[in-house]
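Read the structure below first, then the notes.
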Amino acid sequence: MSKRWSAMLYMGLFSAAYALTFVKGFPAWRYFPAQHAWGWTGAFPEPSMAWFWKVGLALGAGLVGWLAGLGLERWRPQPPRWIDWMGWALFTLAVCAAAHHEFVKWILGKG
Amino acid sequence: MGVHIWGETLEPLNAIAHLLLGVLLLGAVTHHAWLLARGNFQDRTRQVRRYAFWASLAYTLCLLWGIWVYPAFRVYVRAAYQDTQAPWATGLFEIKEHWAALGLAVLPFYYLSSRSLKTLDATTLRWHAVSASWLAIIAWYSFVLGAFLMDMKGWH
Chain A
1 MSKRWSAMLY MGLFSAAYAL TFVKGFPAWR YFPAQHAWGW TGAFPEPSMA
51 WFWKVGLALG AGLVGWLAGL GLERWRPQPP RWIDWMGWAL FTLAVCAAAH
101 HEFVKWILGK G
Chain B
1 MGVHIWGETL EPLNAIAHLL LGVLLLGAVT HHAWLLARGN FQDRTRQVRR
51 YAFWASLAYT LCLLWGIWVY PAFRVYVRAA YQDTQAPWAT GLFEIKEHWA
101 ALGLAVLPFY YLSSRSLKTL DATTLRWHAV SASWLAIIAW YSFVLGAFLM
151 DMKGWH
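Top to bottom, those sequences are chains A and B.
The first sequence lines up with residues 1 to 111 when you count with my numbering.
The second sequence lines up with residues 1 to 156 when you count with my numbering.
Given below as structure tokens:
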């Protein structure tokens, strides 16, 4: 399989960056459409577009992983098994962190 | 709120496009998952490649249309109604948007592994099946929940 290094490092770094945004206190740069303004968490009471920030951050981290994978592929064509496991573990962790965060915040009302 | 939200002018059309792309995505991921479940997908590599191609394309386009729809939904539906009247719906929707974004993490592996099925070792084949299963789960959850929430409140 070609670009396996890139695919797995992209998966791992994308997932890790996305999951980090659920950590309390992580910088949350957000857009507030009613004010047409950017700001930090809690800067305005209006609805924000924080999701765009999360996706953008994750894509940026994933891109770094992709480019690193292109370089590593020249050194060793296929990544070791632990890279696969790490990528999938980080992805699964991010999926679970997202579900847990929203379940506690909105359904249990403890956010 | 007295302000123009990005994308709101074409909101109904975009919501329909988002829905139709979701139908295309469901068709592709479900056919792919069905082939994997039957266990003989290595004899049908052309079909797997075709489903993976359409699933990847539909996933990307569906997400892009979701991004277009999102600001008006966020202000007029979620903030104005769901957050106060039905917070559980907000919670379920938030999980959908996170999972849809995280599907992007899997998409390159899913697509690239589908292009070389015949040369993959057994472990990588299993990871390919895992990636296809995750995308099917995300697509079905997103589609069913999105349709339910649209029915619950509608647009504007």
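Beta carbons are placed, not taken as given, at the ideal position from N, Cα and C, and that holds for glycine.
From a predicted model like this one, the values you see are computed outputs, not experimental measurements.
Going along the chain, which residues of its own chain have a beta-carbon closer than 6 Å to the beta-carbon of residue i, five neighbours each way excluded?
i: B/Lys-96; result: Ser-142 and Leu-145
i: A/Ile-83; result: Met-8
i: B/Ser-114; result: Val-48, Arg-49 and Ala-52
i: A/Leu-20; result: Phe-26
i: B/Trp-134; result: Val-106
On a CA-only basis, which of the options is nearest residue i? Give me that one, please.
i: A/Phe-14; options: A/Ala-50, A/Arg-30, A/Tyr-31 and A/Trp-66; result: A/Trp-66
i: B/Ala-139; options: B/Trp-99, B/Pro-108 and B/Trp-68; result: B/Trp-99
i: B/Asn-40; options: B/Leu-117, B/Ile-16, B/Tyr-76 and B/Leu-61; result: B/Leu-117
i: B/Gly-66; options: B/Trp-6, B/Ala-129, B/Ile-137 and B/Trp-134; result: B/Trp-6
i: A/Ser-2; options: B/Ile-16, B/Ala-101 and B/Thr-124; result: B/Thr-124
i: B/Ala-55; options: B/His-32, B/Arg-44 and B/Val-75; result: B/His-32
i: B/Ala-79; options: A/Phe-22, A/Ala-19 and A/Pro-45; result: A/Pro-45
i: B/Ala-136; options: B/Thr-119, B/Phe-73, B/Trp-34 and B/Ala-147; result: B/Trp-34
i: B/Phe-73; options: B/Glu-94, B/Tyr-59, B/Leu-57 and B/Ala-58; result: B/Glu-94
i: B/Ala-17; options: B/Leu-61, B/His-4, B/Leu-57 and B/His-128; result: B/Leu-61
Pull up the distance between the alpha-carbon of residue i and that of residue j, whole angstroms please.
i: A/Thr-92; j: B/Glu-11; result: 33 Å
i: B/Val-106; j: A/Tyr-10; result: 9 Å
i: B/Arg-126; j: A/Val-95; result: 19 Å
i: A/Val-104; j: B/Asp-43; result: 45 Å
i: A/Leu-72; j: A/Lys-110; result: 44 Å
i: B/Leu-36; j: B/Val-130; result: 10 Å
i: B/Leu-26; j: A/Gly-69; result: 31 Å
i: B/Glu-8; j: A/Trp-40; result: 25 Å
i: A/Leu-63; j: A/Lys-54; result: 14 Å
i: A/Trp-38; j: B/Pro-71; result: 14 Å
i: A/Leu-90; j: A/Ala-16; result: 6 Å
i: B/Met-150; j: A/Met-86; result: 37 Å
i: A/Gly-56; j: B/Ala-15; result: 22 Å
i: B/Tyr-111; j: A/Gln-35; result: 40 Å
i: B/Ala-132; j: B/Val-29; result: 7 Å
i: B/Trp-169; j: A/Ala-43; result: Because chain B in this structure spans residues 1 to 156, residue 169 of chain B falls outside the shown range and cannot be described.
i: B/Phe-148; j: B/Leu-19; result: 12 Å
i: A/Ile-107; j: A/Pro-80; result: 41 Å
i: B/Tyr-76; j: B/His-4; result: 11 Å
i: B/Ala-89; j: A/Phe-22; result: 19 Å
i: A/Ala-61; j: B/Leu-13; result: 33 Å
i: B/Arg-38; j: B/Thr-119; result: 20 Å
Buried or exposed: where does residue i fall if 16 or more other Cβ atoms within 10 Å of its Cβ makes it buried?
i: B/Asp-121; result: exposed
i: B/Arg-46; result: exposed
i: A/Ala-97; result: buried
i: B/Thr-84; result: exposed
i: A/Lys-24; result: exposed
i: A/His-100; result: exposed
i: B/Val-23; result: exposed
i: B/Leu-21; result: buried
i: A/Pro-33; result: buried
So, for residue i: in the same chain, excluding its five sequence neighbours on each side, which residues have a beta-carbon less than 7 Å away from its beta-carbon?
i: A/Ala-50; result: Ala-28 and Arg-30
i: A/Gln-78; result: Arg-4
i: A/Ala-58; result: Phe-14, Ala-17 and Tyr-18
i: B/Leu-92; result: Leu-145
i: A/Ser-48; result: Arg-30, Tyr-31 and Phe-32
Got a sec? Which residues, its chain only, sit under 8 Å from residue i by beta carbon, not counting five neighbours each side?
i: B/Ala-101; result: Leu-63
i: A/Trp-75; result: none
i: A/Trp-88; result: Met-11
Complete beta strand (DSSP E) runs within the region 15-77 of chain A (minimum length 3 residues, chain order): Taking only runs of at least 3 residues, the beta strand (DSSP E) segments lying wholly in the region 15-77 of chain A are 29-32 and 37-40.
Could you give the uninterrupted runs of the beta strand (DSSP E) lying entirely in the region 56-116 of chain B, keeping only those of 3 residues or more? none
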